[in-house]
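Let me begin by presenting the structure, written as structure tokens, before commenting on it.
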Amino acid sequence: MRILVTTIPFSGMKIDAPIPKDPLNARLAEGSQGEHVTFTNDPLVDITLTRTHGGVIVKGVVTGACLQGCSTCGDTVPHEIVSTIDWLLQTASDRAGMDDELDDPGVIVYDGDHIDLEDHVQEDLILNLSPF
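The opening residue of the sequence shown carries number -8 in the working numbering; numbering runs sequentially from there.
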């Protein structure tokens, strides 16, 4: 999901597309220690990108279905993940000053004219998995 930022109009641009499940499942397998989570279909991203003078505002949702082990019964059970996306994309030059050096989970800093949102969408899904 690579986007050329300069093509995003100030009026906004809608993206309604899947992201591939295989890279997401591979990323989940890297960090699992006996617990396995598998996405059963490609997660769907429904976002709107709006360019502003301070960056790009990204709002929307990402949804996906996965199978995850239940900590209570030990069975593998299906889960539906629905995650709200509310990000601000900024270049390093858009950052205002020293206070902007702090990590802000809602701000994604990128370099160049393009940004690839797939890793950020994957991270959002992973952070919304149930720990139980």
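Virtual Cβ for every residue (Gly too), placed ideally from N, Cα, C.
Keep in mind it's a predicted model, so treat the numbers as computed, not measured.
In the DSSP assignment, the residues bridged to Cys57 are Phe30 and His70.
The shortest C-alpha to C-alpha distance from Asp13 to any of Asp110, Leu120, Leu118 and Pro122 is the one to Asp110.
Looking at the backbone, the Cα of Thr54 and that of Asn119 are separated by about 10 Å. Boundaries of the beta strand (DSSP E) harbouring Ala8: Met4 to Pro9, taken from the DSSP string.
Ile38 is a Cβ neighbour of Ile76, given a cutoff of 8 Å. With contact defined as three or more Cβ pairs closer than 8 Å, the segment -3 to 12 and the segment 28 to 42 are in contact.
Where Leu(-5) is concerned, the enclosing beta strand (DSSP E) starts and stops at Arg(-7) to Leu(-5).
Annotation: Ile(-1) is outside any alpha helix (DSSP H) and is labelled neither H nor E by DSSP.
Our two residues, Leu19 and Gln59, have alpha carbons roughly 11 Å apart in a direct line.
With contacts defined by Cβ atoms closer than 8 Å, Thr41 and Gly103 do not form a contacting pair.
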